[in-house]
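Those letters in the sequence shown? Residues 1 to 154, by my numbering.
Here a beta-carbon is modelled for each residue, glycine too, at the ideal position from N, C-alpha and C.
Working notes for the structure below.
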Amino acid sequence: SRYAVRSAGPNLARPCTAPLAYGKALASPAHLCRSFCAASAEEEKQLMILRKKMRHQARSRDDGMLADFLVGFVDAQAQTLDLKDLQDWQKLMACDAEFLMNLAARKFETPKELDCAVLGKLQDFLAAGPPRPGLTGDSPWRVFAHSRSLQCRG
């Protein structure tokens with residue numbers, strides 16, 4: 001019939017009847033695995049969505065320098081951030097660009113509601129130096145032009 005339940009294996013079709021104290025039966029190991037895997041898969045999906053949103057938010061800032069810095073941070077740190085960090089990121093993205101730059105640069109004391117681990121990582125990332133070559137004021141084309149002139153000579 002169209003309402004028949006299909007089983008993925010012999011353990012999934014039989015209910016577990018192992019007795020417990022108080023007369024309750026344990027859930028089958030396959031059932032526990034399915035529910036854990038489903039929760040894990042749902043959490044991974046949510047993390048993936050939030051990371052994509054994080055990248056979009058970093059790219060779409062009005063201030064070009066801030067956007068470039070945030071994209072560098074996202075490239076370097078996004079995979080290490082957990083759900084709590086990604087939710088805290090949303091609070092930071094609600095801030096004005098200038099305010100966020102000053103927070104990242106530690107120009108003034110961080111408000112309590114924005115004091116979070118992801119802000120600390122953002123501040124440490126800024127303190128470590130430019131995320132990519134060319135953000136220090138040096139022209140990234142200078143290296144390219146020099147290498148091209150060497151190729152033309154030889």
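Could you check the C-alpha separation between residue i and residue j for me, to the nearest Å?
i, j, result
"Ile49", "Gly72", "19 Å"
"Leu111", "Phe125", "Before going further, note that residue 111 is Pro rather than Leu in the sequence given. Each residue's alpha carbon lies about 20 Å from the other."
"Asp85", "Met54", "11 Å"
"Ala117", "Ala104", "12 Å"
"Leu123", "Gly129", "The amino acid at residue 123 is misidentified as Leu; the sequence shows Gln. Cα to Cα, Gln123 sits roughly 11 Å from Gly129."
"Ala67", "Lys91", "16 Å"
"His56", "Asp75", "12 Å"
"Trp89", "Met101", "14 Å"
Once you ignore the five residues that flank residue i on each side, which residues in its own chain have a CB closer than 7 Å to its CB?
i, result
"Gln77", "Lys121 and Phe125"
As a quick exercise: from the options, pick the residue whose alpha carbon is nearest that of residue i.
i, options, result
"Gln87", "Leu119, Gln123 and Ala127", "Leu119"
"Asp155", "Met93, Arg106 and Gly129", "Residue 155 is absent from the model: the chain starts at 1 and stops at 154."
"Ala197", "Ser60, Lys52, Glu113 and Ser40", "Outside the shown range of the chain, which is 1 to 154, sits residue 197, and nothing can be said about it."
"Gln79", "Asp115, Gln46 and Ala127", "Gln46"
How is residue i classed by DSSP in three states: helix, strand or coil?
i, result
"Glu43", "helix"
"Gly120", "helix"
"Lys24", "Only weak support is given to the placement of Lys24: the predicted model assigns it a pLDDT of 45, under 50, and the value that follows is read from those uncertain coordinates. Coil at Lys24, not helix or strand."
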